[in-house]
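Participant:
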Amino acid sequence: MIRILRQIFRTGIVTELTPRSDDPKITIGEIKLEDSVKKRFQRSLTVREVDAGSCNGCELEIHAINNPVYNCEQFGIHFTASPRFADVLLVTGPVTANMEIALRRTYDAVPSPKLVIAVGDCGCNGGIFGQSYASLGGIDKVIPVDIYIPGCPPTPTDILNGFYKIFL
Amino acid sequence: MKILEEALIAAFEAEAIPHEKAAQSTFTVPVGRFAEAAKVLKDAYALLCAEWASDETVFGSGFGIYACYHWGGEYLIVKAELPNDNPTFPTLTKHFVPAYRFERQIHSLMGVIPVGHPDDRPWIKFEDWPSDTFPLRKSFNASTPLMRTDGQYQWLKAEGEGVYEIPVGPVHAGIIEPGHFRFQAVGETIINLEERLGYVHKGIEKRFEAMTWESGVKLAARVSGDTTVAHATAYSMALESMTRTEVPARAQWLRALFLERERIANHLGDIGAICNDAAFAFMLYQCSRLKETIVRTNYKLFGHRFLMDRVVPGGVAADIDSSAKKEILSELNIIEEDFEHLVTIYEESSSLEDRVRNTGILTSELARELCTVGIVARASGLNVDCRIHTPYPPYDSLQIEPPVLTAGDVHARVWVRVSEIRESVRLIRRILRGIPQGGIVTDCRVPLPEATGFAAVEGWRGEIIYWLQSGHSGDVINRCMVRDPSALNWLALEQAIKGNIVPDFPLCNKSFNQSYSGHDL
Ligand code: SF4
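Going down the list, the sequences are from chains A and B. So for the first sequence, numbering that gives the first Met the number 0 puts the first residue at 0; every next one is plus one. So for the second sequence, numbering that gives the first Met the number 0 puts the first residue at 0; every next one is plus one.
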C-alpha cells in the first residue's frame with residue numbers, strides 16, 4: 000500500500016488543459032445543434048462508444064482522452080456501458096455491412112435528445128475502406144451525424160475539440 | 000537445415016514440384032494428396048500458420064489452395080491446384096485444428112469447398128448474405144452493396160440440467176471492437192464458449208486487389224490500428240521479397256526501432272487494462288500515462304502518434320538525428336524507472352495475484368495443438384518468435400532473450416509482456432547505438448507477373464504473415480493474404496476459458512487481447 004501511495008505522490012497531477020482550437024476540420028452536420036440542446040448537455044455528457052467497423056486506431060485515441068493526461072472527466076465527459084444511459088454516441092467506422100443492424104439498434108436505444116459524433120476519416124466518409132460489398136461508408140449512411148471529427152486517427156486533442164462544439 | 004522441405008520431398012518425391020518464381024519455398028502437390036502433405040509435415044513437427052485460396056483464373060487455371068507451415072527457422076508453403084469447375088480439396092482439420100476456421104473462411108469467401116470439414120456454417124460471411132456471394136472471386140463485383148436475405152446462424156447447443164446461455168455483444172460494455180460471444184454456463188462456471196466474429200469485416204483482402212503496390216501499404220497499415228508498424232513492415236517486406244529490393248540498412252534499423260516502440264506502447268496499455276479488469280485501476284492510470292509519453296514522443300519525432308505510414312516499401316519515411324536519439328534515451332530512462340516501480344507494486348499486490356494466477360490456463364499441449372503464436376504461445380511454453388527463429392535484419396545481429404513461461408495463465412501473459420517491455424527497452428538502446436548511416440528509402444521495383452512474395456514479421460501480438468501474388472501483369476495485385484496472429488489465437492481463448500467463472504472472462508480476454516479487425520479483415 001505504501002508503495003502505491005508513494006507512486007501516486009511521486010506522479011502528482013499530470014492532467015493538462017487541452018488547448019481549444021476552432022479547427023475548421025471539425026464540422027457540424029446538417030442539423031444545427033440547437034441552443035437548448037447545448038444548454039442541456041453543458042458540462043455533463045454521458046457517452047456510449049460504438050465501433051461500427053474501425054481498424055481500432057480510433058479506439059486507441061478514444062481511450063487516450065480517458066487517460067490521466069487528457070482526463071476527459073474534468074469536463075463532465077464520461078463513458079457508459081449502456082446506450083440507454085447515453086446522451087452521445089461516439090461512433091467510429093466505416094460501417095460494415097455486418098455491423099449496420101447493431102449500429103441502428105444501438106442508436107434506437109439511446110433516449111432523445113441524442114447526439115452522434117463520427118470519429119475518424121472512416122467514420123466521416125468511409126476513409127481508406129470506402130464503399131464496397133462489405134463497407135457502407137461513413138456513419139451518416141446509417142444514422143444522422145451531428146459532429147464530424149476527421150483524422151486517421153484524430154488525436155485526443157481533436158476529439159476533445161469535437162466535444163467542445165457541444166459545450167460552446 | 001530444411002527439415003520440412005526434406006520431409007515433404009522424401010514423402011512425395013517427384014509429386015512435389017518446386018516453384019521457380021516464389022520468394023518463399025513453395026511446392027505444388029496433387030490436390031488429392033494435399034491433406035497427406037499436412038500429415039507428413041505434422042510428423043516433422045510443423046505448425047500450421049495459414050491456409051488460403053487464390054483465384055488464379057486470370058492465369059488460365061482455376062483456384063490455388065495454399066497451406067503455410069512453419070517450424071524452427073523454416074517456412075514452407077504447399078499448394079494444390081483446383082480446376083474451375085470442381086473447386087474442392089481434402090480438409091486439413093484432421094491434422095491441424097486451426098484449419099477449422101481457415102477453411103470455413105475459404106469456403107465462405109472464395110467458394111472453394113473443403114471436403115470432409117466437420118462444420119459447414121459460414122464464417123465472416125453473415126447469414127443474411129446471399130449464399131452464392133464469394134467476394135474473393137475475380138468474377139465478384141466488390142463495389143456494389145450486398146443484397147440481404149434471411150437466415151439464422153446455427154449456434155452450437157449445450158443441453159443438460161442447469162445449463163444456461165449468456166449472449167454478449169457485438170456491442171460490448173467498454174470501448175472495444177465488436178464481436179459476439181456465447182457462453183454456456185452451469186452456475187458461475189463456463190462449460191463452453193463460442194465466438195462469432197466477422198462484424199468488422201471490411202473486405203480488406205478484396206480491397207487490396209484494387210490498389211497499387213504503393214498504396215497497398217496504407218491499407219496494410221490499417222488492417223489493425225494498434226499494429227500499424229508491424230503490418231506495414233510485413234506488407235513491405237513481402238513486396239520487397241518479390242521484387243528483390245535491397246532495403247538500406249538504416250531503414251531496417253529504423254523499422255526495428257518503430258516495431259519495438261509499438262510493442263512497448265501496446266504492452267503498457269495491456270498491462271494497465273488487465274489490472275483494471277481485476278479492479279486495480281491504479282495500474283491502468285499509471286500505465287496509460289507511460290503509454291501517452293511514448294506516443295507523444297512518436298508524434299514529436301516522427302509526426303504520428305502510432306507511426307502510421309512511416310514504413311513504406313523500400314524503406315521508411317522518417318529518420319532520427321542525434322537530438323532525437325537523446326530524446327528517446329531520456330524518455331526510456333524515465334519510463335524504465337517508473338515501470339519498475341509499477342512491476343514491484345504488481346508483484347506485491349495479493350488481491351491482484353488472486354485474480355491473475357491460475358486463471359484462464361492454456362496448457363502447453365493445447366498451445367501447440369492450436370498452433371498459437373506470440374505472447375499467448377510464449378506464456379504457454381511454446382518458444383516461437385520470428386525475431387529469433389527467422390530473423391530479418393537488424394534482428395539477425397541483435398541478440399534477443401525470449402521470455403518463455405509455462406504456466407499459461409493470465410499472470411504468465413502479463414509477465415511475458417513485462418519481460419518484453421524490458422527487452423524492448425534494451426533493444427532500442429542497442430539500436431540507437433548501432434544504427435548504420437546511409438539512406439532511408441530506395442525505389443521498390445514492380446514485380447514480375449505471376450510472382451509471389453512472402454514475409455513473416457513479429458508484431459507485438461505475435462507473428463504476422465503476408466503473402467502477395469501479382470497478376471497477369473506485374474502492376475496488378477492478384478491476391479494479398481493477410482494473417483494476423485489473432486486468426487490463430489482466438490481459438491485458444493475459447494479453450495482457455497473453459498472451467499473458469501463468468502466474471503473472469505473479461506480479465507482473461509484482455510490478457511489475450513486479440514484483434515477483431517485484423518481477424519475479420
Ligand atoms: S480513421 Fe484511420 S485510425 Fe480511424 S478507423 Fe479509419 S483507418 Fe483506423
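Built from N, CA and C at the ideal position, the CB exists for glycine as well.
Just tell me which of A/82, A/67, A/128 has its CA closest to the CA of residue 286 of chain B.
Facilitator: A/67
Participant: Give the range of the beta strand (DSSP E) segment to which residue 477 of chain B is assigned.
Facilitator: 476-482
Participant: From the DSSP output, in three-state form, read off residue 14 of chain A for me.
Facilitator: Note: residue 14 of chain A maps to coil in three-state DSSP.
Participant: Using the Cβ count rule (16 or more neighbours within 10 Å means buried), how would you classify residue 92 of chain B?
Facilitator: buried
Participant: Please look up how many angstroms separate the CB atoms of residue 134 of chain B and residue 155 of chain B, rounded, as I've assumed it's under 8 angstroms.
Facilitator: Contact flag wrong, Cβ pair sits at about 26 angstroms.
Participant: For the ligand SF4, which residues count as neighbours when the test is a C-beta closer than 5 angstroms to any heavy atom?
Facilitator: My final list is A/53, A/54, A/56, A/57, A/119, A/120, A/121, A/126, A/151, A/152, B/221, B/224.
Participant: So if DSSP puts residue 542 of chain B in a beta bridge, which residue, or which two residues, is it bridged to?
Facilitator: Any question about residue 542 of chain B goes unanswered here, given that chain B covers just 0 to 520.
Participant: Using a Cβ cut-off of 9 angstroms (strictly closer), state whether residue 87 of chain A contacts chain B.
Facilitator: no
Participant: Within this structure, are the beta carbons of residue 407 of chain B and residue 361 of chain B separated by less than 9 angstroms?
Facilitator: yes
Participant: Could you give the DSSP three-state label for residue 509 of chain B: helix, strand or coil?
Facilitator: helix
Participant: Would residue 263 of chain B pass as an interface residue toward chain A - the criterion being a Cβ-Cβ separation below 9 angstroms?
Facilitator: no
Participant: Take residue 126 of chain B and list the residues in its own chain whose beta-carbon comes closer than 7 angstroms to its own, dropping the five residues that flank it on each side.
Facilitator: 150, 151, 152
Participant: Using only the alpha-carbon positions, how far apart do residue 122 of chain A and residue 96 of chain A sit?
Facilitator: Using only the alpha carbons, I get a separation of about 14 angstroms.
Participant: In the region 61-108 of chain A, which residue ranges form an unbroken beta strand (DSSP E) of at least 3 residues, counting only runs that do not cross its ends?
Facilitator: 76-78, 87-91
Participant: On the premise that residue 79 of chain B lies in contact with residue 29 of chain B, defined as a C-beta separation below 8 angstroms, what is that separation, rounded to the nearest angstrom?
Facilitator: 7 angstroms
Participant: Three or more C-beta pairs under 8 angstroms: does that hold for the region 292-307 of chain B against the region 339-358 of chain B?
Facilitator: Contact between the region 292-307 of chain B and the region 339-358 of chain B is absent, because fewer than three Cβ pairs lie under 8 angstroms.
Participant: What in chain A is Cβ-close to residue 218 of chain B, meaning under 9 angstroms?
Facilitator: 127, 128
Participant: For a minimum of 4 consecutive residues, which ranges assigned as the alpha helix (DSSP H) are wholly contained in the region 136-212 of chain B?
Facilitator: 203-207
Participant: Can you give the beta carbon distance from residue 71 of chain A to residue 159 of chain A, rounded, assuming they're within the 8 angstroms contact cut?
Facilitator: 6 angstroms
Participant: From residue 68 of chain B to residue 262 of chain B, what distance separates their C-alpha atoms?
Facilitator: So the alpha carbons of these two residues sit roughly 25 angstroms apart.
Participant: Distance, Cα to Cα, residue 385 of chain B vs residue 402 of chain B?
Facilitator: Approximately 14 angstroms between the Cα atoms of the pair.
Participant: Are the beta-carbon atoms of residue 510 of chain B and residue 269 of chain B separated by less than 9 angstroms?
Facilitator: Inclusion of residue 510 of chain B and residue 269 of chain B in the CB contact set at 9 angstroms is warranted, their separation being smaller than that value.
Participant: How many whole angstroms separate the CB atoms of residue 64 of chain A and residue 217 of chain B, which I take to be in contact at a CB cut-off of 8 angstroms?
Facilitator: The Cβ separation is near 25 angstroms, so there is no contact.
Participant: Who are the neighbours of residue 6 of chain A on chain B, taking C-beta pairs under 9 angstroms?
Facilitator: Near residue 6 of chain A (Cβ distances below 9 angstroms), the residues of chain B are 281, 285, 337, 340, 341, 344.
Participant: Give the straight-line distance between the Cα atoms of residue 327 of chain B and residue 77 of chain B, rounded to the nearest whole angstrom.
Facilitator: In this structure, the alpha-carbon of residue 327 of chain B lies about 44 angstroms from that of residue 77 of chain B.
Participant: Looking at the unbroken beta strand (DSSP E) that takes in residue 47 of chain A, where does it start and where does it end?
Facilitator: Counting along the chain, the beta strand (DSSP E) containing residue 47 of chain A begins and ends at 44-50.
Participant: Can you find a CB in chain B that lies within less than 9 angstroms of the CB of residue 115 of chain A?
Facilitator: no
Participant: Return the residues of the region 155-171 of chain B that lie within a Cβ-Cβ distance of less than 7 angstroms from chain A, sorted by chain order.
Facilitator: 169, 170
Participant: Go to residue 87 of chain B, then tell me how far its alpha helix (DSSP H) extends in each direction, as first and last residue.
Facilitator: Element bounds for residue 87 of chain B: not the alpha helix (DSSP H) but the beta strand (DSSP E), 87-89.
Participant: Alpha carbon to alpha carbon, how far is residue 162 of chain B from residue 250 of chain B? Give it in angstroms, no decimals.
Facilitator: C-alpha separation (whole angstroms): 56 angstroms.
Participant: So which residues on chain B does residue 160 of chain A lean against when the C-beta distance must stay under 9 angstroms?
Facilitator: Listed by position along chain B, the residues whose Cβ is nearer than 9 angstroms to that of residue 160 of chain A form an empty set, because the closest Cβ is around 16 angstroms away.
Participant: Does the contact criterion of 3 or more C-beta pairs under 8 angstroms hold for the region 496-507 of chain B versus the region 468-482 of chain B?
Facilitator: Not touching, per the Cβ criterion.
Participant: CA-CA distance, residue 258 of chain B and residue 112 of chain A?
Facilitator: 44 angstroms
Participant: In this structure, what does DSSP give as the bridge partners for residue 516 of chain B?
Facilitator: DSSP output for residue 516 of chain B lists no bridge partner at all.
Participant: If I measure Cβ to Cβ from residue 265 of chain B and keep anything under 6 angstroms in the same chain, skipping five residues before and after, which residues do I get?
Facilitator: 225, 459
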